[in-house]
Every structure is written in structure tokens, then in C-alpha cells.
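Protein chains: 2
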Amino acid sequence: MADSSWTSSAESLKGVILDLCGVLYDSGEDGGTPIPGSVEAVKRLKASDLKLRFCTNETQASRDKFVAKLQKMGFDISVCEVFSPAPAAVAVLKDRGMRPHLLVYDGLLSEFESVDQTNPNCVVVGDAAGNFTYENLNDAFRVLIGLEKPVLFALGKGRYYKEADGLSLDVGPYMKALEYACDVEAEVIGKPSSVFFHSVLSDMGLQPHQVMMVGDDLVNDVGGAQLCGMTGLQVRTGKYRPSDQQHRSVKADGTVDDLAQAVDLLLGARAGPL
Amino acid sequence: MADSSWTSSAESLKGVILDLCGVLYDSGEDGGTPIPGSVEAVKRLKASDLKLRFCTNETQASRDKFVAKLQKMGFDISVCEVFSPAPAAVAVLKDRGMRPHLLVYDGLLSEFESVDQTNPNCVVVGDAAGNFTYENLNDAFRVLIGLEKPVLFALGKGRYYKEADGLSLDVGPYMKALEYACDVEAEVIGKPSSVFFHSVLSDMGLQPHQVMMVGDDLVNDVGGAQLCGMTGLQVRTGKYRPSDQQHRSVKADGTVDDLAQAVDLLLGARAGPL
Numbered sequence: 082m083a084d085s086s087w088t089s090s091a092e093s094l095k096g097v098i099l100d101l102c103g104v105l106y107d108s109g110e111d112g113g114t115p116i117p118g119s120v121e122a123v124k125r126l127k128a129s130d131l132k133l134r135f136c137t138n139e140t141q142a143s144r145d146k147f148v149a150k151l152q153k154m155g156f157d158i159s160v161c162e163v164f165s166p167a168p169a170a171v172a173v174l175k176d177r178g179m180r181p182h183l184l185v186y187d188g189l190l191s192e193f194e195s196v197d198q199t200n201p202n203c204v205v206v207g208d209a210a211g212n213f214t215y216e217n218l219n220d221a222f223r224v225l226i227g228l229e230k231p232v233l234f235a236l237g238k239g240r241y242y243k244e245a246d247g248l249s250l251d252v253g254p255y256m257k258a259l260e261y262a263c264d265v266e267a268e269v270i271g272k273p274s275s276v277f278f279h280s281v282l283s284d285m286g287l288q289p290h291q292v293m294m295v296g297d298d299l300v301n302d303v304g305g306a307q308l309c310g311m312t313g314l315q316v317r318t319g320k321y322r323p324s325d326q327q328h329r330s331v332k333a334d335g336t337v338d339d340l341a342q343a344v345d346l347l348l349g350a351r352a353g354p355l
Numbered sequence: 082m083a084d085s086s087w088t089s090s091a092e093s094l095k096g097v098i099l100d101l102c103g104v105l106y107d108s109g110e111d112g113g114t115p116i117p118g119s120v121e122a123v124k125r126l127k128a129s130d131l132k133l134r135f136c137t138n139e140t141q142a143s144r145d146k147f148v149a150k151l152q153k154m155g156f157d158i159s160v161c162e163v164f165s166p167a168p169a170a171v172a173v174l175k176d177r178g179m180r181p182h183l184l185v186y187d188g189l190l191s192e193f194e195s196v197d198q199t200n201p202n203c204v205v206v207g208d209a210a211g212n213f214t215y216e217n218l219n220d221a222f223r224v225l226i227g228l229e230k231p232v233l234f235a236l237g238k239g240r241y242y243k244e245a246d247g248l249s250l251d252v253g254p255y256m257k258a259l260e261y262a263c264d265v266e267a268e269v270i271g272k273p274s275s276v277f278f279h280s281v282l283s284d285m286g287l288q289p290h291q292v293m294m295v296g297d298d299l300v301n302d303v304g305g306a307q308l309c310g311m312t313g314l315q316v317r318t319g320k321y322r323p324s325d326q327q328h329r330s331v332k333a334d335g336t337v338d339d340l341a342q343a344v345d346l347l348l349g350a351r352a353g354p355l
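Protein chains in written order, with my numbering: chain A, 82 to 355; chain W, 82 to 355.
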């Protein structure tokens, strides 16, 4: 039986933000597979009076590429509805006149084509996966330690994500490695940064208390959204682990089996008393 | 002109502990080269009435191998005078009945031959250098995250060391990556752990205030020794950086150009007033 106390605020909601990986689909070698019921759940949300956006820390492909992948899985989703760290980072770099050394997945490089990368004065680290060789991490370290004031940007700070064959290290641990090596604190661009969530709210034209975030990552999705004043709902798919329910600092407003159940309960509560 | 105020306590000293890499020699592709004057300086210390030990976080080779390398460079040094993390870790693992998953340099594996490594219930991370691939770090992460209570041992926690072509990441950043990924705190075996320094003092039969540690690493050599009550002297060789002198928490008792100068000043002060 799902805890449905979170639906008490369903009537006052005007918008929903969905995480992608672990909520809509599970990643894997073949590009990933939709989580059962999620294609239909997105359709039902779109048909409702709620505004809908997607907010991801996906940094293994350009936004065009991974949106195309989701469309191929059957999701009704377009690029302009999706917020991801790389375009946000490009805006910050240009605004501050910074030239990055990039430690990212090959598929993300095209997002940074418009940014000057000569004679780097900062490092941008994303989920580089197989590109996280000792040599590549050391190259990024040498750029940082050679700067008078090392500046490190991290595209998210997730600990790990779920792949078909098990959990895999995300960008966060590598961000921590560079932070420790150079005695700096990274600026996180992406979830759970409030700046990032507010850019989504601003695009929706809504206030935080009018919006619910649905994610599988307790700290970065649920906790980040709550810190902004949004409702944070966790799904038991993706990287969810039972120990999340005893987390020492973050407590989800509600926990549901999957996106399909979240949408059932949410739209049901908005239609009338349960 | 070297600051020689630290020599005021020279008369009461009864022993010296030397770090190896960055004090006796600089590492490099070809196994490394002695720092000028250091072979002679070790000889002079050995000929004095001071007790001498060597204390290293070297984990890229077994103790036999790297002592043989130092002997080949001309140093008067034997295995029983050298304290390094791997033998200390083996003792801890056996004492606590733990079976390690090893993420270490190939050259260190032989040190762990006597330890059961089936069905691991902890991870030991050392300076694995090129073995720090994404896949290997992920394998170690999966072992840890699969344990009810993850236990992580780190062979030292150095940030970086100096090689012929520049600074290189040490074990510390990778320890931090695993700590963050699994929300655990590593147990450090090696410098700056007090347990480790006390095992050296015990072997010397001396009290902390009777011993001086000489190293190039401000935090792990100098700071660690000072926390035990020893005098901590830093050399301006190896990984020394001018910014060390403005460190926010560790201040060396003295700083000298190199080991040769340290031994000159130390033995000179013991022979009579400067």
C-alpha cells in the first residue's frame, strides 16, 4: 500500500518536474529501456492541466541526442522542455569569461563547441564514465593545481546511478577527488543546485510551492527540490534503495512504487477526494 | 639563509625518522634519482649516535623491491628499518578477520599473498596509479555498496606526489571518491595516522619528544608527526610548494632546503653551539 498523504496538497499543484533516468527509463548498454507504465504516465500528465518539465543531470550525451533517444522509446518529450547541466554551464562560462578544460563524456563535447577552450582557466567535470582514466583525471588535476585560484565546475554531484548490470559511479565521487587533491570546493551546476531548479521554475512561470519534483535520487532530486520549497516525491525505481527511508537529513514528502503510481494518485486526488 | 631555530632542541633528540620519496629521491619513469647530497646525509646520520628509521607511504612496490631500488641508488638502508602501509594493513586485516578486495598497484599484490581474499568484506585502496581506471574504481565501489556495513582501508591519504614530468594524483583523492560514493569514512593505514607513527617509535624504543620527522609532505609527514608529539621538519624538495608556508592548520617546526642541509644543521647543533 502506497503512502498517499502527500496527495493532500495535490489540488494546489500547478506543475510537475520529472527526473529522467530512473524515473522514465533505466539506462543500459543498448541506450536503456522505459520503466513499465512511464510512457503512458507522461501522456496522462501532458493531457492534464498541470505544466510539465523534465530536469536531468544527464551529461553523457548532448540534449538533442538523449531527447531523440527518449522519443524513440515512445515518450512525448521535446528539447525545449528539458533542463540539463551542460547548456547551463555554457551560459555560466560565457558570463564569467572562463575557458574550460573539459573532463566529460565524448558525447557531451558538442554542447561546448561555442566556448573558447584555449589556455584553460577552469575545469568542468561531468559524468565521464570510461573517460575517467587515471591519466585524464591527472590532466584535469594538473590544470587546476597550476592555476593561482583553481576553479572547478561539476555537472551535478550524484554518487552513483543504476545500469542494467548494477550501480555505477557518477560524477560526484570524481568531483570529490579533485576537490580534495586541490583543496577547492566545486561549483555544482545541475541538481541539487537551487540556481538550477529556479531556472526551471522561472521557465514554468510558477512558484516553488505550486510544483512537485519526482525523482529516484533522494538527495539530488527530492532534497534539492525541497530546499527550494517544492514538494519532493521519490519513486522506488532507478537508484532507489530501501535505506533511503532512513536517510539522516532528507525525508521525501512521499514515496511511490513508480511514476505510473505517482500519476494515478496525483490525478486521482485532483479529480476528487480519495 | 635557512631558519635554524628548530635546532635548539637538537641536543635532546635521540632519533630521526626520514620520509623516502621527495626526501631521499625523486620518483620517475626510470625508478627515480637520488636528491643531491641525500646519500651522503643518510651515511652521516647512520654514523651519528641518533637512531634512524624510514617511514613511507610508498605503495607502488613491495618493501623488498623498493628497498632494493634505494640500495641500488647508493643508500645504506635495509628492509627492517623501513615502515610502510602494506605490512601494517596485512596485520590489521588478519587481526580483524577481514578479506580485502584490493585496489592497488600490481607491484604491491605480493605483500597481500598471505591474506584470504575470497568473498571480500572490505576494500583496501592504495596508490594504484594507472590501475585507477573507471572500471576498477567501479568494481571496488560495487563491493563496498554491496556490504551491509562498508569498510574501507586507505594506504595513506596523500593528495599528490611529484614525478619527473609534474605532480600526480596519490591515493587520497580516490579514497575521497569512494568515501563519498558509499557515505563511509576510510580508516587510514600509514602516515599521518598516529597508530602508524607510534609503531615506528615503539620499534625505536623512544618517546615522541625525542624524535624528529623529516618529510616533504606538510600534512602527512610534518603535521602527522607533530600530532604525535614529535618535531616536524619540512624539506624544500619533492612535493614542497611555497604555499605550504601559509597552510591554514599545519606549521612546520622548521624548513630547510634539503636533507643534506637538515643533517648539516642538526649534527652541527649537536656538536656545540652554532
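Don't be surprised by glycine CBs; every beta carbon is placed ideally from N, CA and C.
Query: Ignore the nearest five residues each way along the sequence and tell me which others in Gln307 (chain A)'s own chain have a CB closer than 6 Å to its CB.; Result: Gly313
Query: Comparing the C-beta of Tyr321 (chain A) with each C-beta of chain W, is any distance below 8 Å?; Result: no
Query: Can you list, in chain order, the residues of its chain with a C-beta nearer than 8 Å to that of Ala209 (chain W)? Leave out the 5 residues immediately preceding and following it.; Result: Leu184, Val185, Tyr186, Asn217, Val252 and Tyr255
Query: Which residues in the same chain as Asp338 (chain A) place their Cβ atom closer than 6 Å to its Cβ, once the five residues preceding and following it in sequence are excluded?; Result: Arg317
Query: For Arg180 (chain A), return the contacting residues in chain W, with the cut-off set at a CB-CB distance below 8 Å.; Result: Ordered by position in chain W, no residue passes the 8 Å Cβ test against Arg180 (chain A), which lies about 20 Å from the chain.
Query: Below 7 Å CB to CB, which residues in the same chain sit around Leu189 (chain W) once its five sequence neighbours on both sides are set aside?; Result: Thr140, Gln141, Ala142, Ser143, Ala167 and Gly207
Query: Taking beta-carbon pairs under 9 Å, can you tell me which members of the region 91–105 of chain W lie near chain A?; Result: none
Query: When you compare each of A:His328, A:Ser324, A:Asp334 and A:Gln315 to Leu228 (chain W) by their alpha carbons, which one comes out closest?; Result: A:Ser324
Query: Below 8 Å, can you find three or more Cβ-Cβ pairs linking the region 94–101 of chain A to the region 288–298 of chain A?; Result: yes
Query: Between Leu355 (chain A) and the rest of its own chain, which residues show a CB-CB distance below 6 Å, the 5 nearest in sequence each way excluded?; Result: Caution is warranted here: a pLDDT of 49 is assigned to Leu355 (chain A), below 50, making its placement in the model unreliable, and the coordinate value is therefore given only provisionally. Here the set comprises nothing.
Query: Mind checking if Pro273 (chain W) is an interface residue toward chain A, Cβ cutoff 8 Å exclusive?; Result: no
Query: Can you tell me whether Gly247 (chain A) is helix, strand or coil according to DSSP?; Result: strand
Query: Using 8 Å as the Cβ pair cut-off and three pairs as the minimum, do the region 295–303 of chain A and the region 236–243 of chain A touch?; Result: yes
Query: What is the DSSP secondary structure of Glu139 (chain W), reduced to helix, strand or coil?; Result: coil
Query: In terms of residues, what are the limits of the alpha helix (DSSP H) holding Phe277 (chain A)?; Result: Ser275 to Met285
Query: I want to verify the contact list: residues of chain A whose CB lies under 8 Å from the CB of Tyr255 (chain W), in sequence order.; Result: Ala258
Query: So who's on the other strand from Tyr241 (chain A), going by DSSP bridges?; Result: A:Leu250
Query: For Glu110 (chain W), collect the residues of the same chain with a Cβ closer than 7 Å to its Cβ; drop the 5 residues on either side in sequence, then sort them by chain order.; Result: Ala245
Query: Using a Cβ-Cβ cut-off of 8 Å (strictly less than) and excluding sequence neighbours within five positions of Leu340 (chain A), which residues of its own chain qualify?; Result: Leu99, Val104, Leu105, Ile116, Gly118, Ser119, Ala122, Val123, Val295, Val316 and Thr318
Query: Leaving out five residues before and five after Asp145 (chain A) in sequence, what residues of the same chain have Cβ atoms less than 7 Å from its Cβ?; Result: Val160
Query: What residues from chain W crowd round Gly247 (chain A), counting only those whose CB sits closer than 8 Å?; Result: Arg223
Query: Is there a C-beta anywhere in chain A that falls below 8 Å from the one on Tyr261 (chain W)?; Result: yes
Query: Is the beta carbon of Leu236 (chain A) sitting closer than 8 Å to the one on Cys203 (chain A)?; Result: no
Query: Take the Cβ of Met82 (chain A) as the centre, count every other Cβ of all protein chains shown within 10 Å, and call the residue buried at 16 or more, exposed below.; Result: Since pLDDT at Met82 (chain A) reaches only 49, below the 50 mark, its modelled position is unreliable, and the value read off the structure follows with that caveat. Met82 (chain A) should be labelled exposed.
Query: From the DSSP output, which residues share a beta bridge with Leu99 (chain A)?; Result: A:Phe135 and A:Val295
Query: Within the same chain, show all residues whose beta-carbon is closer than 8 Å to that of Val148 (chain W), passing over the 5 residues directly before and after it, in chain order.; Result: Ile158, Ser159, Val160 and Val163
Query: Please state if the CB of Arg177 (chain A) and the CB of Val344 (chain A) are separated by a distance shorter than 8 Å.; Result: no
Query: Going by the beta-carbon positions, is the gap between Gly88 (chain A) and Ala350 (chain A) smaller than 8 Å?; Result: According to the sequence as given, residue 88 (chain A) is Thr; it is not Gly. The answer is yes: Cβ separation under 8 Å.
Query: Please list the residues of the region 183–214 of chain W that have a C-beta atom closer than 9 Å to any C-beta atom in chain A, keeping them in chain order.; Result: Ala209, Ala210, Gly211, Asn212, Phe213 and Thr214
Query: Beta strand (DSSP E) containing Leu233 (chain A): first to last residue?; Result: Leu233 to Leu236
Query: Going by DSSP, which residues form a beta bridge with Phe222 (chain W)?; Result: Per DSSP, none; premise fails for Phe222 (chain W).
Query: So Leu250 (chain A) and Ala262 (chain W) are supposed to be a Cβ contact under 8 Å. How far apart are they, rounded?; Result: 6 Å
Query: Might you give, ordered along the chain, the residues of its own chain that have their beta carbon closer than 6 Å to the beta carbon of Gly155 (chain W), omitting 5 neighbours on each side?; Result: Val120
Query: In chain order, what residues of the same chain lie with their CB nearer than 7 Å to the CB of Glu266 (chain W), ignoring the 5 residues before and after it?; Result: Glu260
Query: Restricting to Cα atoms, I'd like to know which of W:Thr336, W:Met311, W:Met285 and W:Gly112 is closest to Asp130 (chain W).; Result: W:Met285
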